[in-house]
Amino acid sequence: MAQSSATTPETSPTTRAGSSAALNEEGTAGKTTIASSVVQKVAGVAAREVSGVYALGGGVSRAFGAIRERIPGSGTATTQGVSVEVGEKQTAVDLDIVVDYGARIVDVARSVRRNVISTVEQITGLEVIEVNIAVNDIHLPEDDSTEEEPTTRVE
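Going by the UniProt record's numbering, the first residue of the sequence shown is number 1, and it counts up by one from there.
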């Protein structure tokens with residue numbers, strides 16, 4: 001007798017995300033959902049790992065993030081500058097970044113896109129259909145210098 005060559009979920013080829021089974025595959029014993037906050041955190045960490053990225057978020061969100069970090073128990077702002085749309089099998093990511101002065105913006109954006117896609121797909125199993133990047137600012141080296149106290153003209 002000839003055996004069927006049909007592929008079962010347990011023997012299916014590796015998916016694009018690198019896992020041995022796709023998320024919410026038919027014939028499984030249940031359904032897996034991933035919260036958008038999980039994808040936000042993964043994408044934020046992946047974007048920050050790229051050389052040339054100084055920070056995530058626009059000026060206002062970075063200012064609120066700095067205030068939030070000083071409040072005990074408020075946690076860190078790992079999702080600032082990151083917004084996502086998450087479906088059952090796919091996700092889309094939008095990033096607002098600040099690039100270090102001297103870094104080639106096109107190369108930084110390409111590296112961020114590549115790292116976010118591979119990391120999100122590897123960790124979550126979701127297919128990343130797009131990563132939109134908005135460069136909102138350039139970080140200058142003199143921005144790091146400590147601000148001196150303003151001197152007054154009168155005593």
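In this text, a Cβ means the ideal position worked out from N, Cα and C, and glycines have one as well.
On a CA-only basis, which of the options is nearest residue i? Give me that one, please.
i: V135; options: Q40, V53, T33; result: V53
i: T32; options: T124, E85, R104; result: T124
i: I34; options: G57, A47, E127; result: E127
i: S51; options: V154, R114, V84; result: R114
i: D100; options: V112, I133, D137; result: D137
i: V84; options: G30, H139, N132, L23; result: N132
i: A92; options: V39, E25, G30; result: V39
Is residue i helix, strand or coil by DSSP?
i: E25; result: coil
i: A103; result: coil
i: S51; result: coil
i: V124; result: The residue you asked about is not Val; residue 124 is Thr in the sequence shown. Three-state DSSP puts T124 in a helix.
i: E142; result: helix
i: S20; result: With a pLDDT of only 43 at S20, under the threshold of 50, the placement of this residue in the model should not be trusted; the figure read from the coordinates follows. In this structure, S20 counts as coil in the three-state DSSP scheme.
i: V112; result: helix
i: V98; result: strand
i: T91; result: strand
Mark residue i as exposed unless 16 or more other C-beta atoms lie within 10 angstroms of its C-beta, in which case mark it buried.
i: G56; result: Residue identity differs from the one stated: residue 56 is Leu in this sequence, not Gly. Buried, by the Cβ-count rule.
i: T28; result: exposed
i: I129; result: exposed
i: E142; result: exposed
i: I97; result: buried
i: I105; result: exposed
i: L95; result: buried
i: L23; result: buried
Can you name the start and end residues of the beta strand (DSSP E) that residue i belongs to?
i: E130; result: 127-139
i: V82; result: 82-86
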